[in-house]
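In what follows, a single structure is set out as structure tokens and then discussed.
In full-length UniProt numbering, the protein residues as written are 1 to 247.
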């Protein structure tokens, strides 16, 4: 048994290691850029919605329409459809670089909706209290919305990472590299099912690691899980301190 595993790893270990690395590169870079687009978009949605602090029906409808359209297009179709744009941006449509652009374009609307949903869970009374103190829109976003929604945003980050990880596997079917590409080339085209199943195991491990880390972070910072009496002293004093203490 051990000899078989050693022989398998000697033959395919380097390929699988490169595949894991390529997958991680695609996931991390795509997630960063997708959040750079999706986070501000989600904030804009929560601010301009009908009952937001800066309601604007026209802007909200346009942004909402863009997000809905972006989330409606299957990733594999989007990847093929924007190949000319991808080639213009990164110079290629294959490999890790070729996958990052469609990953970002596909994930950004999903993240925007996740952010909007997380921010909408913030107690409206806290937002109104901040407004009554004369806080600016930027202050309300930075010191009320984002801190109060942090646990939900972290859990949303886990979902986003897992979703992008799944997209990288799909991207592998069109030569993007990573574990998905290995599963297709070795498992499907060459009939080496053992390699395919190992890639599945690696993907499962990556998903579990991401979920465990983000669940731990969310529990760590979630004030609602604090059972001490100090956890309930939130109210005006804590809110006031956010706007009176600067570093």
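Cβ coordinates follow ideal geometry from the N, Cα and C atoms, glycine included.
Keep in mind that this is a model prediction, so the values were computed, not measured.
The beta carbon of residue 60 lies closer than 6 Å to those of 48 and 49 in the same chain, with the five residues before and after it left out.
About 14 Å separates the beta carbon of residue 147 from that of residue 218, a gap too long to meet the 8 Å contact definition. Between residue 153 and residue 115, the C-beta spacing is below 8 Å. Sixteen is the threshold: when 16 or more other Cβ atoms of the shown chains lie within 10 Å of the Cβ of residue 26, as they do, the residue is buried. Look at residue 74 here: in three-state DSSP terms it is coil, with no helix or strand label. Taking a cut-off of 8 Å for Cβ pairs, the region 71-84 and the region 133-145 do not touch, as fewer than three such pairs fall below it. For residue 93, the secondary structure class from DSSP, reduced to helix, strand or coil, is coil. A Cβ-Cβ distance of about 7 Å is found for the pair residue 160 and residue 110, placing them in contact under the 8 Å criterion. The beta-carbon separation of residue 158 and residue 119, rounded to 17 Å, does not stay under the 8 Å limit for a contact. Taken through DSSP and simplified to helix, strand or coil, residue 192 comes out as coil.
Sixteen is the threshold: when 16 or more other Cβ atoms of the shown chains lie within 10 Å of the Cβ of residue 196, as they do, the residue is buried. When 176, 205 and 198 are compared, the shortest CA-CA separation from residue 80 is found for 176. Taking each of 173, 193 and 123 in turn and checking the Cα distance to residue 51, the smallest one comes out for 123.
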